[in-house]
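Quick note, the sequence shown lines up with residues 1 to 67 if you use UniProt numbering.
The structure appears below as structure tokens.
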Amino acid sequence: MSKGRAAYHQAHQARAEAEAQRLWAQREVLQGRWHAWVALQLYQLTPAPYASMVRRALQQRRDAAGE
Numbered sequence: 001m002s003k004g005r006a007a008y009h010q011a012h013q014a015r016a017e018a019e020a021q022r023l024w025a026q027r028e029v030l031q032g033r034w035h036a037w038v039a040l041q042l043y044q045l046t047p048a049p050y051a052s053m054v055r056r057a058l059q060q061r062r063d064a065a066g067e
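Here it is, written out as structure tokens:
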């Protein structure tokens, strides 16, 4: 990881984790509509490196849940 990328990751990790938690929490509320909804939410996140961090955090939650 480059120095700039690592610094960006470190600076925004907590925010990305919080956003992933917010999105994940909507699974029970939205049920079958959640996938389409979360895809739209991720598409609207900027900048792209931040969106990728949120996407990875969501994937970690999904893996931990055994899905």
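Backbone N, C-alpha and C fix where the C-beta goes; we use that ideal spot for every residue, glycine too.
Distance between beta carbons of residue j and residue i, contact taken as under 8 angstroms
i, j, result
"A24", "R61", "It is worth fixing the name first, because residue 24 is Trp in this sequence and not Ala. Indeed, because the Cβ distance is near 5 angstroms, the residues count as touching under 8 angstroms."
"W37", "L30", "5 angstroms"
"V54", "A20", "5 angstroms"
Range of the contiguous alpha helix (DSSP H) that encloses residue i
i, result
"L49", "For the record, residue 49 in the displayed sequence is Pro; it is not Leu. Start and end: 48 to 64."
"R33", "Where R33 is concerned, there is no enclosing alpha helix (DSSP H), given that its DSSP letter is neither H nor E."
"Q21", "3 to 25"
Assigned exposure category for residue i - 16 Cβ within 10 Å defines buried
i, result
"L58", "buried"
"A18", "exposed"
Nonlocal neighbours in the same chain, by C-beta distance under 7 angstroms from residue i, ignoring five residues either side
i, result
"Y8", "P49"
Proximity below 9 angstroms, CB of residue i to CB of residue j
i, j, result
"A51", "L40", "no"
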